[in-house]
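Note that the UniProt record's numbering has the sequence shown beginning at 1, numbered continuously upward.
Using N, Cα and C, we set each Cβ at its ideal position, and we do this for glycine too.
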Amino acid sequence: MKAAVQQLLGASGEMLMVDEIETLASLFPKFIQISCCVGDGEAKSFNIDLLDPSKVPDDTIPRSLHEVMPLSLQKGIGPADLLPMPGMKQLNDTIIKCSMQKRLAAFQTAVNILMKRFEDGFSKDNRRKPKDYTAKDLLDFVSESGSSLQPKSKQTIPLPRPPRHHKKLARCTSTDDYSAEDMVEHLKEGLGSLGQIVHCEILEKREAEYCELKATLSQSTLAALKRIHISRFYKHQVEAIDVALSKQSVIVATSTASGKSVCYNVPVLEDLTSNMESCALYLFPTKALAQDQYRALLEMTSCINTPVNVGIYDGDTPQHLRLQFRDNSRILITNPDMLHVSMLPSHRQFERIFSSLSYVVVDEAHAYRGAFGCHTSLILRRMRRLCHHLYRIHPTFIVSSATVANPQEHAMELVGIRDIKVVQEDGSPCGRKYFILWDPPMSYSTKVLGNKDDSKEQKSKGSMGLEERKQIVKKKASPIVEISSLLAEMVQHNLRCICFCKTRKTSELVLNYTREILKETARGLIDSVKSYRSGYTAQDRREIETELFGGKLRAVAATNALELGVDVGSLDATLHLGFPGTVASLWQQAGRAGRREKSSLSVYVAFGSPLDQYFMKHPHKLFSRAIEHAQVDASNPQVLDGHATCAALEHPLNVEYDEEFFGSGLQSSISRLVSKGQLGREPMSFRQDGNWHYIGQERSPAQSLGIRAIEPEKYTVVNSATNAVIEEVEESKAFFEVYEGAVYIHQGKTFLVKTLDLGAKVAVCQEADLKYYTKTRDFTDVHVIGGELAYPRKAVNRSYLSTTAQATLCRVTTRWLGFRRIWQGTNQTFDSVQLFLPDYSYESQAAWIRVPHSIRGDIESSGLPFRAGLHAASHALMNIIPLYILCNGSDLGTECAHPHDTRYFPERLLVYDRHPGGIGIAAQAQPLFGELILAAKELLTSCECTADTGCPNCVQFLECSEYNEVLNKPAAIAILQGVIAAEEAIRQGREASVSDII
Numbered sequence: 001m002k003a004a005v006q007q008l009l010g011a012s013g014e015m016l017m018v019d020e021i022e023t024l025a026s027l028f029p030k031f032i033q034i035s036c037c038v039g040d041g042e043a044k045s046f047n048i049d050l051l052d053p054s055k056v057p058d059d060t061i062p063r064s065l066h067e068v069m070p071l072s073l074q075k076g077i078g079p080a081d082l083l084p085m086p087g088m089k090q091l092n093d094t095i096i097k098c099s100m101q102k103r104l105a106a107f108q109t110a111v112n113i114l115m116k117r118f119e120d121g122f123s124k125d126n127r128r129k130p131k132d133y134t135a136k137d138l139l140d141f142v143s144e145s146g147s148s149l150q151p152k153s154k155q156t157i158p159l160p161r162p163p164r165h166h167k168k169l170a171r172c173t174s175t176d177d178y179s180a181e182d183m184v185e186h187l188k189e190g191l192g193s194l195g196q197i198v199h200c201e202i203l204e205k206r207e208a209e210y211c212e213l214k215a216t217l218s219q220s221t222l223a224a225l226k227r228i229h230i231s232r233f234y235k236h237q238v239e240a241i242d243v244a245l246s247k248q249s250v251i252v253a254t255s256t257a258s259g260k261s262v263c264y265n266v267p268v269l270e271d272l273t274s275n276m277e278s279c280a281l282y283l284f285p286t287k288a289l290a291q292d293q294y295r296a297l298l299e300m301t302s303c304i305n306t307p308v309n310v311g312i313y314d315g316d317t318p319q320h321l322r323l324q325f326r327d328n329s330r331i332l333i334t335n336p337d338m339l340h341v342s343m344l345p346s347h348r349q350f351e352r353i354f355s356s357l358s359y360v361v362v363d364e365a366h367a368y369r370g371a372f373g374c375h376t377s378l379i380l381r382r383m384r385r386l387c388h389h390l391y392r393i394h395p396t397f398i399v400s401s402a403t404v405a406n407p408q409e410h411a412m413e414l415v416g417i418r419d420i421k422v423v424q425e426d427g428s429p430c431g432r433k434y435f436i437l438w439d440p441p442m443s444y445s446t447k448v449l450g451n452k453d454d455s456k457e458q459k460s461k462g463s464m465g466l467e468e469r470k471q472i473v474k475k476k477a478s479p480i481v482e483i484s485s486l487l488a489e490m491v492q493h494n495l496r497c498i499c500f501c502k503t504r505k506t507s508e509l510v511l512n513y514t515r516e517i518l519k520e521t522a523r524g525l526i527d528s529v530k531s532y533r534s535g536y537t538a539q540d541r542r543e544i545e546t547e548l549f550g551g552k553l554r555a556v557a558a559t560n561a562l563e564l565g566v567d568v569g570s571l572d573a574t575l576h577l578g579f580p581g582t583v584a585s586l587w588q589q590a591g592r593a594g595r596r597e598k599s600s601l602s603v604y605v606a607f608g609s610p611l612d613q614y615f616m617k618h619p620h621k622l623f624s625r626a627i628e629h630a631q632v633d634a635s636n637p638q639v640l641d642g643h644a645t646c647a648a649l650e651h652p653l654n655v656e657y658d659e660e661f662f663g664s665g666l667q668s669s670i671s672r673l674v675s676k677g678q679l680g681r682e683p684m685s686f687r688q689d690g691n692w693h694y695i696g697q698e699r700s701p702a703q704s705l706g707i708r709a710i711e712p713e714k715y716t717v718v719n720s721a722t723n724a725v726i727e728e729v730e731e732s733k734a735f736f737e738v739y740e741g742a743v744y745i746h747q748g749k750t751f752l753v754k755t756l757d758l759g760a761k762v763a764v765c766q767e768a769d770l771k772y773y774t775k776t777r778d779f780t781d782v783h784v785i786g787g788e789l790a791y792p793r794k795a796v797n798r799s800y801l802s803t804t805a806q807a808t809l810c811r812v813t814t815r816w817l818g819f820r821r822i823w824q825g826t827n828q829t830f831d832s833v834q835l836f837l838p839d840y841s842y843e844s845q846a847a848w849i850r851v852p853h854s855i856r857g858d859i860e861s862s863g864l865p866f867r868a869g870l871h872a873a874s875h876a877l878m879n880i881i882p883l884y885i886l887c888n889g890s891d892l893g894t895e896c897a898h899p900h901d902t903r904y905f906p907e908r909l910l911v912y913d914r915h916p917g918g919i920g921i922a923a924q925a926q927p928l929f930g931e932l933i934l935a936a937k938e939l940l941t942s943c944e945c946t947a948d949t950g951c952p953n954c955v956q957f958l959e960c961s962e963y964n965e966v967l968n969k970p971a972a973i974a975i976l977q978g979v980i981a982a983e984e985a986i987r988q989g990r991e992a993s994v995s996d997i998i
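See below:
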C-alpha cells in the first residue's frame with residue numbers, strides 16, 4: 001500500500017509521511033496497523049500490517065484495535081485459535097484467493113465512495129474542477145471527516161416489498177366461516193381476481209353404497225365397531241371382509257378415506273377373538289402410519305373382554321417395551337425395515353408370533369414401488385418361506401392401496417402369491433370437489449440501463465454521467481407467496497387444510513409467509529398453522545398430528561409425509577405447490593380433504609416450469625391422465641443376491657424348495673454368492689442334501705443391506721442459545737441446508753447457521769429475525785469410472801438390436817459452489833456467497849451410448865441447441881424405460897442440463913441408478929438400448945405437441961432435477977435419428993456418412 005501510494009505521488013513530487021498514512025488508515029481501523037517505525041522525518045521507515053482481529057492472538061492486538069473489536073472477540077483468543085481444528089475448514093489456495101478478491105472488491109468500493117464524496121465536496125466548496133486537487137487535499141478531507149467515513153456497525157437492510165400485484169388487492173380481514181363453495185366464489189372475487197384461476201374442475205358427489213355381510217360377526221367385534229361408531233358397511237368393505245374371512249388373500253384398492261382399515265381390522269379381530277392362539281402382523285411403510293393405527297386399535301379393543309394385546313415394534317419403541325410386545329402382543333405393528341433387520345434374523349425369538357400367524361396386513365401398498373418395493377417384496381418372501389419351512393403356517397394377506405392402475409398385478413408381485421382377489425369398486429360416499437388450477441400472474445417492473453453509446457471514460461466513473469434508459473421486465477409472481485396467501489385465506493375462514501410442498505425448505509417458507517400475512521389480517525390465528533415434515537423429532541410429529549386431529553390447528557404446511565393415510569381428522573381443503581411427480585400422488589393428496597359427503601376444495605398452484613405450465617394450458621390433459629402403474633421387480637438380480645444371503649442365514653437355501661419363493665433366478669444368484677464366498681455347503685455334513693448355508697464374514701448381513709434411502713450418517717442442528725438439538729439432517733441433504741451462513745427454518749423460526757463442524761457433524765445456529773432465505777448453487781456430475789459390469793442382465797431374446805451401449809460403474813458427485821441470499825416475498829437475489837464444502841459422492845451403475853461428434857456439428861449448424869436436444873432425448877429414454885423394465889421413475893436418473901451451466905458436457909445418452917451401489921436397473925437397460933432409442937424416437941415423432949419444450953408425454957420428465965429447463969424436442973429427434981443411423985452403420989460394418997446420420 002505504501003509503495004503504491006508513493007508511486008502515485010512520485011509523479012507530482014509530493015512525499016507521503018507516516019502521519020498521513022495513519023490518517024488514511026483510519027478508514028480501516030480493524031485491519032491496518034502501523035508498526036516497526038525507524039528513523040525520523042523523511043528518513044523514517046515503517047511497516048503497514050493487515051490484520052484480522054478475530055484470528056490474531058490477544059497479546060498482538062494493539063490498543064486501538066481493542067476499542068473497535070466486539071467484546072466477544074477480545075476475550076479467550078489465544079495462539080491455538082490460529083490453527084485449524086479437526087473437522088474445520090482448511091485453508092487452501094482457492095480459499096485465500098477468493099478471500100483476497102472479496103476484500104479487494106470491498107476496498108475498491110470503499111475507495112470509489114470516498115472519491116465520489118471528496119470530488120463532490122471539493123468542486124462545490126472550491127468551485128474548481130475535480131482534477132485540480134492534490135493528495136494533501138484528499139488527506140485533509142479524510143482527517144476532517146473522521147468516523148463519518150467508517151462503515152456503520154449495523155447496516156439497515158430494507159424489508160422485502162410485497163408482490164406488486166397484491167398491492168392492487170385489499171387484504172381480506174374477515175374471519176367468517178366459509179364452505180368450499182363459498183371459498184371458490186370468494187377467491188374469484190378477491191385474491192384470484194387477477195386471472196390466476198385458469199380452470200375450475202368440479203367433481204360431482206358420490207353416494208354411499210351399503211351392503212350386508214354374509215358372515216355373522218361375534219359380539220366382541222360388533223362392540224369394537226360400535227366403539228368407533230360403525231353400524232353398517234360400504235360395498236367394498238363387505239366384499240373385502242367376506243373374502244378375508246374365507247382365508248383368501250385380498251387387495252383393496254379404493255380412494256383415500258374410503259374406510260380401508262375396516263377391511264382388515266374386522267377379519268383380524270374376528271379371528272383373534274374366536275381363536276386365543278392366533279396372531280396378526282401389521283406392516284406400514286412409515287412410523288406415523290403405525291402410530292395412527294396403534295391409537296385406532298387401542299380405541300377399538302378397549303371395550304373387548306377378550307385379551308387382544310396390541311403392540312408397536314419399530315425404531316422408536318423403547319427396549320423394555322420391545323421385549324414386552326414381543327412376548328405378549330397378538331397384534332404386532334411394525335414396518336418392513338424392522339422385519340428385515342430384527343424379526344427375520346432373530347425369528348426364533350418371535351416364534352410365538354410366526355407359529356400362530358393367521359393374518360398379515362400390508363397397508364398403503366402403493367408406497368411400495370421401485371427399489372423400496374423390490375426390497376419389501378423379497379422381505380415378504382423371506383417371511384413366507386420361514387412360515388412354510390419352519391412353522392408350517394400359511395397366513396392370509398390383506399393388502400390395502402390407494403387407486404393404482406394395476407392393483408392385482410402389483411399385489412401379486414409384492415407378496416409373491418398368485419391367487420389374490422382384488423376389490424376396487426368403491427362404495428364410500430364422496431362430496432363434491434372443486435379442483436382449481438392456479439397460475440401466478442405476470443408481474444412487471446422497470447430496470448434502469450445505461451446508454452450503450454456512452455464513452456469508456458464515462459463508464460469508468462460508475463453511474464455518474466450515464467444517461468438512464470428504462471426497460472420493462474416481466475416475470476411470474478412467486479408461487480410460494482401465492483400459495484401462502486391462499487393458505488392464510490383458508491385459515492381465516494376456518495377451512496381445515498394441508499398445504500403440500502415438495503421440499504422441507506418450501507414448507508417452512510410457506511409457514512413463514514402465511515404467518516406474516518396473518519399478522520396483518522388475523523393476528524389471533526397465527527399459532528393455528530404449523531409445518532410438518534421429515535427431520536422433526538418423533539415427539540414433535542406426534543404433537544402436530546394430535547393438534548391437527550383435535551382441531552387445535554387449522555392448517556399445516558407439509559411435505560409428502562402426510563400424503564399417506566395418517567388420520568388427521570376431517571379436512572376441507574388441500575393446496576398443492578407444483579406437480580407432485582405423479583397423477584397418483586396428486587389424487588392421493590387431494591383425497592385427504594372431503595371425507596364422507598362434505599364438499600371440499602383443492603388448489604394446484606403452478607411453478608413456471610414447462611411441466612406445470614403445460615397443465616395450466618391444457619387442464620383436460622391433467623384430469624384425463626391415467627393413474628400410473630405401480631412397478632415392482634422381485635427378480636432384480638442385485639437385490640435378490642442381498643436377500644438370498646440374508647435368507648441363507650435365517651434358514652439354509654435349497655433351490656428345489658425355495659424357487660417357489662424367490663423365482664427362477666435363485667440358481668444364478670446362489671452361483672454368484674458361492675463365487676463371492678457368501679454361501680457354501682455344510683462342512684460337517686457327509687451327504688449332499690442340496691442345502692446352501694451362509695458362510696460370510698458379516699455377523700448379520702441384513703444390517704448392511706439398506707432397503708430404502710435412509711442414511712445412518714446425520715448432522716445434528718443445535719441451538720447455540722440453549723444447546724438444545726433442533727433436529728437431525730441426513731448427510732446427503734446437510735450441505736443443502738446447514739452450511740455456514742445458511743438460513744435454517746424450523747417451525748416458522750429462522751436460525752442463522754454460524755459454524756459447521758464436519759468432523760463432529762454438528763451445525764451450530766442462533767435464532768435471528770431474518771427477512772431473507774438462502775439457496776445453494778450446486779451441480780451434479782456422473783463420471784464413468786469402470787469397465788463393463790460383472791453381471792449385467794443378459795438379453796434372452798437374441799432379436800434385440802446389438803449396440804455400442806455399455807454398462808459400467810459410475811460415480812455420482814454433487815459439488816457446492818456457493819449460496820444466494822434471497823429476499824422473502826419478492827424472491828429477489830441480493831447477495832451471492834461462495835462455499836467451500838467437501839463433495840458428496842457415491843458409486844452406482846450406469847448404462848450409456850455415445851452420440852457421434854458429427855451429429856453435434858450438424859445439429860448446431862442447423863440452428864438447433866445441441867445441449868437442450870441431448871437433455872430432451874435423455875428424458876425421452878427415461879419415459880420409455882418403465883415400459884421395458886419394471887422400475888419407478890425415482891430409481892433412475894440421467895444427466896440434466898442446468899440453464900446456467902457452461903461447462904463441458906459429454907456427448908452421450910446415459911441413465912444411472914440413483915441408489916448408492918446401484919440396484920441393477922441400469923445394467924438391465926444396457927442390452928435393450930437399441931430397442932429403447934427406437935422407442936424413444938417413435939415416442940417423440942408420434943406426439944402431437946408443437947412446442948419446442950415438448951410435453952409430459954414426450955420429453956418432459958416428472959423427476960427432472962432441473963425442473964425441465966433447457967429442452968428442445970426437434971433437436972432431440974435429430975439426435976435420436978443420428979444415433980440410430982450410426983448404430984445401424986456399425987452393425988453393417990461400415991461408417992455412417994453425414995447423410996446417413998441426419
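Identified DSSP bridge partners for residue i
i: Ala630; result: Beta-bridge pairing links Ala630 to no other residue.
i: Ile398; result: Val250, Val361
i: Leu667; result: Going by the sequence as given, residue 667 is Gln instead of Leu. DSSP, once it has assigned bridges, lists no residue as partnering Gln667.
i: Tyr313; result: Partner(s): none; Tyr313 has no beta bridge.
i: Ser832; result: Arg820
i: Ile745; result: Thr750
Proximity of residue i and residue j at Cβ, strictly below 8 Å
i: Ser258; j: Lys433; result: no
i: Val583; j: Arg533; result: no
i: Glu737; j: Val729; result: yes
i: Val979; j: Pro899; result: no
i: Ser218; j: Cys279; result: no
i: Ser377; j: Glu413; result: yes
i: Leu283; j: Asp363; result: yes
Closest Cα partner of residue i within the set the options
i: Ala872; options: Glu650, Tyr963, Leu283; result: Tyr963
i: Leu213; options: Gln219, Glu239, Ala223; result: Glu239
i: Arg708; options: Pro285, Ser507, Tyr294; result: Pro285
i: Met616; options: Thr216, Pro440, Ala557; result: Pro440
i: residue 999; options: Gly665, Ile398, Ala402, Asn719; result: Nothing in the structure corresponds to residue 999, since the chain is present only between 1 and 998.
i: Ser531; options: Lys502, Arg523, Lys519; result: Lys502
i: Arg554; options: Ala411, Gly535, Thr574; result: Thr574
i: Ala290; options: Lys226, Leu332, Ile304; result: Leu332
Assigned secondary structure, residue i (DSSP; H/G/I helix, E/B strand, else coil)
i: Leu770; result: coil
i: Lys136; result: helix
i: Arg820; result: strand
i: Val979; result: helix
i: Ser570; result: coil
i: Val955; result: coil
i: Asn723; result: coil
Element boundaries [alpha helix (DSSP H), containing residue i]
i: Gly550; result: 538-550
i: Gln613; result: 610-617
Run of the beta strand (DSSP E) containing residue i, from where it starts to where it stops
i: Cys387; result: Taken as a continuous stretch (DSSP letters only), Cys387 belongs to no beta strand (DSSP E), being part of the alpha helix (DSSP H) at 370-389.
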